[in-house]
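Q:
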Amino acid sequence: MDAREFIARRIAQEFRCGMVVNLGIGIPTASANHVPHGVDVILQSENGCLGLGPRPSRAAADPDLANAGGEPITLLPGAATFDLATSFCIIRGGHVDATVLGALEVDSQGNIANWKIPGKRVPGMGGGMDLLAGARKVIVALQHADKDGDSKIRKHCRLPLSAVGVVDLIVTDKAVIEVTAEGLVLREIAPELTVADVVAATDADLILPATVATIHV
Amino acid sequence: MDAREFIARRIAQEFRCGMVVNLGIGIPTASANHVPHGVDVILQSENGCLGLGPRPSRAAADPDLANAGGEPITLLPGAATFDLATSFCIIRGGHVDATVLGALEVDSQGNIANWKIPGKRVPGMGGGMDLLAGARKVIVALQHADKDGDSKIRKHCRLPLSAVGVVDLIVTDKAVIEVTAEGLVLREIAPELTVADVVAATDADLILPATVATIHV
Amino acid sequence: MTEIIDAEQAVRNIREGMTVMIGGFLGVGEPLLLIDELVAGGVGKLSLIAVVGSYPGGGFGVGKLSRNRQIARLVTSHIGTDPELVRQYLAGDLEVEFNPMGTFIERIRCGGGGLGGVLTRTGFGTEVAAGRARIEVEGEEFLLYTPLKADVALIKAHRGDRLGNLEYRGIALNSNPAMAMAAAYVVAEVDEIVDVGVIAPRHVGTPHIFVDALVRGRDHQERKLEFTDLWVDSGRLQ
Amino acid sequence: MTEIIDAEQAVRNIREGMTVMIGGFLGVGEPLLLIDELVAGGVGKLSLIAVVGSYPGGGFGVGKLSRNRQIARLVTSHIGTDPELVRQYLAGDLEVEFNPMGTFIERIRCGGGGLGGVLTRTGFGTEVAAGRARIEVEGEEFLLYTPLKADVALIKAHRGDRLGNLEYRGIALNSNPAMAMAAAYVVAEVDEIVDVGVIAPRHVGTPHIFVDALVRGRDHQERKLEFTDLWVDSGRLQ
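Each protein sequence line maps, in turn, to chains F, Y, X and G.
Numbers 1 to 217, taken from this note's numbering, label the letters of the first sequence in order.
Numbers 1001 to 1217, taken from this note's numbering, label the letters of the second sequence in order.
Numbers 2001 to 2238, taken from this note's numbering, label the letters of the third sequence in order.
Numbers 3001 to 3238, taken from this note's numbering, label the letters of the fourth sequence in order.
#1: Do the CB positions of Gly-2217(X) and Leu-2033(X) come within less than 7 Å of each other?
#2: In three-state DSSP terms, what is Lys-1137(Y)?
#3: If the criterion is Cβ atoms closer than 7 Å, does the pair Glu-2030(X) and Lys-2224(X) meet it?
#4: Where do the ends of the beta strand (DSSP E) carrying Pro-2207(X) lie?
#5: How many angstroms separate the CA atom of Asp-1107(Y) from the CA atom of Glu-1182(Y)?
#6: Quick one: what does DSSP say Gly-38(F) is sitting in, helix, strand or coil?
#7: Report yes or no: is there a C-beta of chain X within less than 7 Å of the C-beta of Arg-92(F)?
#8: Quick one: any contact between the stretch 1071-1089 of chain Y and the stretch 2042-2050 of chain X, if contact means 3 or more CB pairs under 8 Å?
#9: Just to make sure I have the definition right: I need the residues of chain F whose C-beta is within less than 9 Å of the C-beta of Lys-3064(G). Which are they?
#10: Among Ala-1059(Y), Ala-1061(Y), Gly-1069(Y), Pro-1056(Y), whose alpha-carbon lies nearest the alpha-carbon of Thr-1029(Y)?
#11: Count the other CB atoms within 10 Å of the CB of Asn-1033(Y); is the residue buried (16 or more) or exposed (fewer)?
#12: Going by DSSP, what residues sit across from Met-3021(G) in a beta bridge?
#13: Rounded to whole angstroms, what's the CA-CA distance from Pro-2056(X) to Gly-94(F)? Just pull it up for me.
#14: Can you tell me which of Glu-2106(X), Ile-2035(X), Tyr-2185(X) puts its alpha carbon nearest to the alpha carbon of Gln-2070(X)?
#15: By the three-class DSSP mapping on this structure, what secondary structure does Asn-1022(Y) have?
#16: Could you say which of Ala-3200(G), Ala-3150(G), Glu-3106(G) lies nearest to Arg-3015(G) if we only look at CA atoms?
#17: Taking 7 Å as the threshold (C-beta atoms), are Asp-1097(Y) and Arg-1121(Y) in contact?
#18: What is the DSSP secondary structure of Cys-157(F), counted as helix, strand or coil?
#19: 7 Å is my cut-off, CB to CB: does Tyr-3055(G) come that close to chain F?
#20: With a threshold of 6 Å on Cβ separation, who are the neighbours of Leu-2154(X) within its own chain once the five nearest residues in sequence on each side are excluded?
#21: At the level of alpha carbons, what is the spacing between Phe-3098(G) and Lys-155(F)?
#22: Assign Asp-1173(Y) to one of two classes, buried (16 or more other C-beta atoms within 10 Å of its C-beta) or exposed (fewer than that).
#23: So, does the CB of Ile-3005(G) fall closer than 7 Å to a CB anywhere in chain X?
#24: If the cut is a Cβ gap below 7 Å, which residues of chain F does Gly-2112(X) touch?
#25: Measuring only the C-alpha atoms, how far is Ile-2171(X) from Ile-3171(G)?
#26: Given a cut-off of 7 Å on the beta-carbon distance, is the pair Glu-1105(Y) and Leu-1159(Y) in contact?
#27: Short of 8 Å Cβ to Cβ, which residues in the stretch 1063-1085 of chain Y face chain G?
#28: Does the stretch 3201-3212 of chain G come close enough to the stretch 1073-1084 of chain Y to have 3 or more Cβ pairs within less than 8 Å?
#29: Under 7 Å Cβ-Cβ, which residues of chain G neighbour Ile-1170(Y)?
#30: What residue range is occupied by the uninterrupted beta strand (DSSP E) comprising Arg-2134(X)?
#31: Within 7 Å (strictly less), CB to CB, does Pro-1028(Y) reach chain X?
#32: Please work out which residues of its chain come closer than 8 Å, Cβ to Cβ, to Asn-2174(X), disregarding the five sequence neighbours upstream and downstream, and give them in chain order.
#33: Between the C-alpha atoms of Asp-2219(X) and His-216(F), what's the straight-line distance to the nearest angstrom?
#34: Looking at C-alpha atoms only, which residue of Pro-1118(Y), Asp-1203(Y), Val-1195(Y) is the closest neighbour of Asp-1146(Y)?
#35: Label Cys-2110(X) either buried or exposed according to how many other C-beta atoms from any shown protein chain fall within 10 Å of its C-beta, with 16 as the threshold for buried.
#36: For Gln-3221(G) and Ala-12(F), what's the separation of their Cα atoms in angstroms?
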């Protein structure tokens, strides 16, 4: 299983029946494919709907239905559509139970950087900053290290922040880390790793509880 | 013809085809019955519609259709309904061409008092203050004098204001008065009156142009 | 998850001193059955948030709450249609906070939508501006109004599906969609409850995630008779 | 009064340096025909207000404007899908004002709705907060954003009636209803033009009073083929 699918599968375990969830582009969106049978989460898309369904067939694809990544979507029975102003009242107003977003870096204070690399990559924040400020629970999905092997779980973010102190849970290909008032608590590690491996691969200090579970996906 | 109908008829002459108009309760609402044939004004009701039609028959009355005074209404073909938040975006945003409102007093500075008589009558401002602040043209419909014979067209309003410097036109049973930067200009008088009669009946100073027309209703 | 319950159960959560939003406008779009139950329960000292008072003359819809003296504090734009509210207010038995109607609804939208407040020109130079913060934006001053939220909202829609999605009808939506977003517990009274899928996604006025409880009220035909009587009796319908 | 005109006439009012809002989101709900005409006309130095950039990869919808170098300034929440926008921005040829998406749309709503600005928590502690006014409301600080308005808005709806009332479909409404209220001149591109009365009052998403011109765009079936090609070619549809 590749790292991205591993992360997506683990994130899907966070979902509970009836939760309103907004998924960012990439790994977060992929996590929807792994929601356990019988767990009905209500997917919100910030471009204007609640009740996102699976991808359509070519025949069912509709030019007026796409997600925030531009991909064609279907709507489940009981879905609702609305304009952006209402969509962000839902998001900012605290009516989204959880958002799952990708990140460039996260840190010990629950800070997150995911919208720009100065002078290099400037996509913009899109709806991300509002989701970070408004969602009740923020889950970050990212690979533990960047392509140079550098830890993305930092003592302090180096890149421009997207939000301060909002991250609740960090899910990577190596570990599940909870953000607490005391700092980052290592909750689970990938099957092939030891706690020492994860600590070594992490720039931030990790609090090690009595038991650290193994991720099962 | 009674004073109220006289005022309503004169006000209807202010309407032009395609104007978006919000009418207050009482004489203003009655003015809709006197719109000249062929002049299609678009009536807005602040409780949530554009395209107000005539009163319904008993068979056509609908428990989900009423105006801001609680009276049953019909909607014309091409009408639109919306919630209060949108309705007041329309009003505050300058998208209503004219509002016609009743008043307790108006004055030389275009001030208007129409929402309370301290300690005595405190209905509240309803949507009136937003209409006064937002409508492009404010027409005030009122009897020239109160029941004690006191002029309601004042040098300075004595009652708590609803808005400052917003009134454009004053229509009473005695006169049509335009509010200008220089002060109140007497434009028209009722058929049975002289200019001197109107000046005598008015607390505010009136600017008298070369010609003062007679109101024809 | 939205539960489908009866009116009596739905108002059971409302306790003395709570802040309650009630949707509707002079009876239209008001949750009449829920109000009746709230009156029957008799819970007092309510802090009520309602855009206007009773249908003219008093005693209808929210007017039953004032008549039963259940309101201690009222945030509204207008009480003039309800002689009982006016009487209690002038006697000092009722605290009333008057808001321009557009400000009133926008405060609720801010409460539900996570915004910090309303900046409006409305009311400048009047006594409602007194003591209120003024914020300058691009050289112009605006009055600042704080957001409004509630413990409970009692709202009314035309239809609800079994998930809790609401569809509105006519102009009866008025304050209901905004209030649905701004309260911790939201009860919607509807004319009918339909299967999921009957209300098309683009006709959902309030998504089910805002609705905690759905109550079947009088149906459309019963309401037509009720409003016809009301309108005829008060001389507003021939 | 809404006039029914063709796309070429509709964009004729847009002149160099004007502020233009364009509705839609990554192609969906974008006025594709009007954009094509704006590109054909070649008018430059536009100040564009659009929630996001082109459909991913660039060159589609609003992406045609960046490719044709017609944009001098852009107010948006995201440009990352349009390589041409990113290139021009990094080269200093294009000024971009980044807004969180919820703030972006609310600024437009304020512009259209006569409110003085947006008060939001979003962006606190980030560089978007730098130099921005902070307003304290009930002990909590909020960032103040000013309203947005435009000379022209080009929007897209599903159907328009001959008066100019617009009905939206699916999630293609997105930024269109807000932009319809915030521009001096509003052109709506629609799949079909229908008789007055066909769109029920409660299904009107934008009332006709906001629409200055109505343009018949590609019909729904043509758009389905266009988007199917787009999605299949970019690997987003099997």
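All C-beta atoms in this analysis are idealised placements derived from N, C-alpha and C, irrespective of residue type, glycine included.
A: Let me spell this out:
#1: yes
#2: strand
#3: no
#4: That residue, Pro-2207(X), is in no beta strand (DSSP E); it is neither H nor E in DSSP.
#5: 13 Å
#6: coil
#7: yes
#8: no
#9: Here the premise fails: no neighbours, minimum Cβ distance about 16 Å.
#10: Gly-1069(Y)
#11: exposed
#12: Ile-3049(G), Ala-3153(G)
#13: 37 Å
#14: Ile-2035(X)
#15: strand
#16: Ala-3150(G)
#17: no
#18: coil
#19: yes
#20: Ile-2022, Pro-2031, Leu-2034, Val-2187
#21: 27 Å
#22: buried
#23: no
#24: Cys-89, Gly-93
#25: 24 Å
#26: yes
#27: Leu-1075, Pro-1077, Gly-1078, Ala-1079, Ala-1080, Thr-1081, Phe-1082
#28: yes
#29: What Ile-1170(Y) touches in chain G: nothing, since even the nearest Cβ is about 24 Å away.
#30: 2134-2137
#31: no
#32: Gly-2023, Gly-2024, Phe-2025, Val-2028, Gly-2029, Val-2051
#33: 52 Å
#34: Asp-1203(Y)
#35: buried
#36: 37 Å
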